[in-house]
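Heads up, the thing below is written out as structure tokens.
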Amino acid sequence: DSGVTQTPKHLITATGQRVTLRCSPRSGDLSVYWYQQSLDQGLQFLIQYYNGEERAKGNILERFSAQQFPDLHSELNLSSLELGDSALYFCASSVAGGGNTEAFFGQGTRLTVV
Amino acid sequence: DQQVKQNSPSLSVQEGRISILNCDYTNSMFDYFLWYKKYPAEGPTFLISISSIKDKNEDGRFTVFLNKSAKHLSLHIVPSQPGDSAVYFCAATTLGDMRFGAGTRLTVKP
Numbered sequence: 001d002s003g004v005t006q007t008p009k010h011l012i013t014a015t016g017q018r019v020t021l022r023c024s025p026r027s028g029d030l031s032v033y034w035y036q037q038s039l040d041q042g043l044q045f046l047i048q049y050y051n052g053e054e055r056a057k058g059n060i061l062e063r064f065s066a067q068q069f070p071d072l073h074s075e076l077n078l079s080s081l082e083l084g085d086s087a088l089y090f091c092a093s094s095v096a097g098g099g100n101t102e103a104f105f106g107q108g109t110r111l112t113v114v
Numbered sequence: 001d002q003q004v005k006q007n008s009p010s011l012s013v014q015e016g017r018i019s020i021l022n023c024d025y026t027n028s029m030f031d032y033f034l035w036y037k038k039y040p041a042e043g044p045t046f047l048i049s050i051s052s053i054k055d056k057n058e059d060g061r062f063t064v065f066l067n068k069s070a071k072h073l074s075l076h077i078v079p080s081q082p083g084d085s086a087v088y089f090c091a092a093t094t095l096g097d098m099r100f101g102a103g104t105r106l107t108v109k110p
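Top line first, the protein sequences correspond to chains G and L. Read in the working numbering, the first sequence has 88 at position 88, and its numbers run on one by one without any break. Read in the working numbering, the second sequence has 50 at position 50, and its numbers run on one by one without any break.
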């Protein structure tokens, strides 16, 4: 158990809908990262938050947004969903916002868009 | 943009032999490098890391080598065990921006 909790584990929704994925980081971790893993693909970096502020941005679509709340949990919002958004979405957390530290991953949320 | 590349999608080795997984990166700003292991239906788990000021880090059967001039790192597993069969991701980070390679599926045959 990495200490990072993601909910829900599975989500099935229709095209055009909006969903929210939730991540609770490990106790004491200030950074949260979001990644997307499509079928047999690598981990695509979406976005990173550190202590409530956006720190780094990757290949995140404009239809997607995220935030980190004062209690440090994070939410990833996906809107106007398309079939191609079906993927595993991972959240990871780390102590620091900079480098030189490992990130710990949650179990992921499997999103299926039908 | 693929800043971190793992060019071998798969690798098969015999139990007891050495497994060598390779990774290349393009961004010279990366200053910390990590290897993660992933089993199906689980999140990646941290394996080993190396700072850009070092060229080698060892942890038990796992050793990571970094060649900064070539922008190349590798993970050596000696001896390989069937339980090591998994997908291995390399990652590189700078200022919190952590990028992953596409992964290499390692199969260790008994």
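Glycine included, every Cβ here is placed at the ideal spot set by N, Cα and C.
- Interface partners of residue 90 of chain G on chain L, CB under 9 Å: Taking the first residue of the first sequence as position 1, residue 90 of chain G is located at position 90. Within 9 Å Cβ-Cβ: 43 and 44.
- Do you know offhand how far residue 53 of chain L's Cα is from residue 29 of chain L's? If you number the second sequence from 1, residue 53 of chain L lands on position 53. If you number the second sequence from 1, residue 29 of chain L lands on position 29. Roughly 13 Å between the two C-alpha positions.
- Taking the alpha-carbon positions, what's the residue 72 of chain L to residue 23 of chain G distance? Indexing the second sequence from 1 puts residue 72 of chain L at position 72. Indexing the first sequence from 1 puts residue 23 of chain G at position 23. Looking at the two C-alpha atoms, the distance is approximately 33 Å.
- Task: Determine, using beta-carbon pairs with one atom in the segment 30-38 of chain G and one in the segment 58-72 of chain G, whether at least three such pairs fall under 8 Å.
- Result: yes
- What residues of chain L sit near residue 28 of chain G, judged by a beta carbon separation below 9 Å? What you label residue 28 of chain G is simply residue 28 of the first sequence in a count that begins at 1. Under the 9 Å cutoff, chain L gives no residues; its nearest Cβ is about 16 Å from residue 28 of chain G.
- Task: Since I believe residue 113 of chain G is in contact with residue 15 of chain G (beta carbons under 8 Å), could you give me their beta-carbon distance rounded to a whole number of angstroms?
- Result: For the purposes of this step, residue 15 of chain G is identified with residue 15 of the first sequence, where counting begins at 1. For the purposes of this step, residue 113 of chain G is identified with residue 113 of the first sequence, where counting begins at 1. That pair is a contact at about 6 Å.
- Can you list, in chain order, the residues of the segment 41-59 of chain G whose Cβ is nearer than 9 Å to any Cβ on chain L? 41, 42, 43, 44, 45, 48, 50, 55, 56, 57, 58 and 59
- Message: Whole angstroms are fine: how far does the CA of residue 90 of chain L sit from the CA of residue 16 of chain L?
- Response: Along the second sequence, one-based indexing puts residue 16 of chain L at 16. Along the second sequence, one-based indexing puts residue 90 of chain L at 90. Distance between the alpha carbons of residue 16 of chain L and residue 90 of chain L: 23 Å.
- Message: Closest to residue 11 of chain G by C-alpha separation, out of G/89, G/94 and G/96, would be which residue?
- Response: Translated into positions along the first sequence, residue 11 of chain G becomes position 11. Closest by alpha carbon: G/89.
- Query: Which partner residues of residue 53 of chain G appear in the DSSP bridge assignment?
  - Reply: The residue labelled residue 53 of chain G in the question sits at position 53 within the first sequence. For residue 53 of chain G, which the question treats as bridged, DSSP gives the partners G/50.
- How would you label residue 100 of chain L, buried or exposed, when you count the other beta carbons within 10 angstroms and need 16 or more for buried? Position 100 of the second sequence, counted from the first residue, corresponds to residue 100 of chain L. Buried, by the Cβ-count rule.
- Message: Please list the terminal residues of the continuous beta strand (DSSP E) segment that includes residue 66 of chain G.
- Response: Position 66 of the first sequence, counting from 1, holds the residue named residue 66 of chain G. Note, residue 66 of chain G: beta strand (DSSP E), 64-68.
- Task: Tell whether a beta-carbon distance below 7 Å holds between residue 75 of chain G and residue 20 of chain G.
- Result: Mapped onto the first sequence, residue 75 of chain G falls at position 75. Mapped onto the first sequence, residue 20 of chain G falls at position 20. Yes, they are a contact pair.
- Contacts around residue 23 of chain L, its chain only, beta-carbon distance under 6 Å, and the 5 residues preceding and following it disregarded: Position 23 of the second sequence, counting from 1, holds the residue named residue 23 of chain L. If we look at residue 23 of chain L and ignore the five residues flanking it on each side, its Cβ neighbours are 6, 73, 90 and 101.
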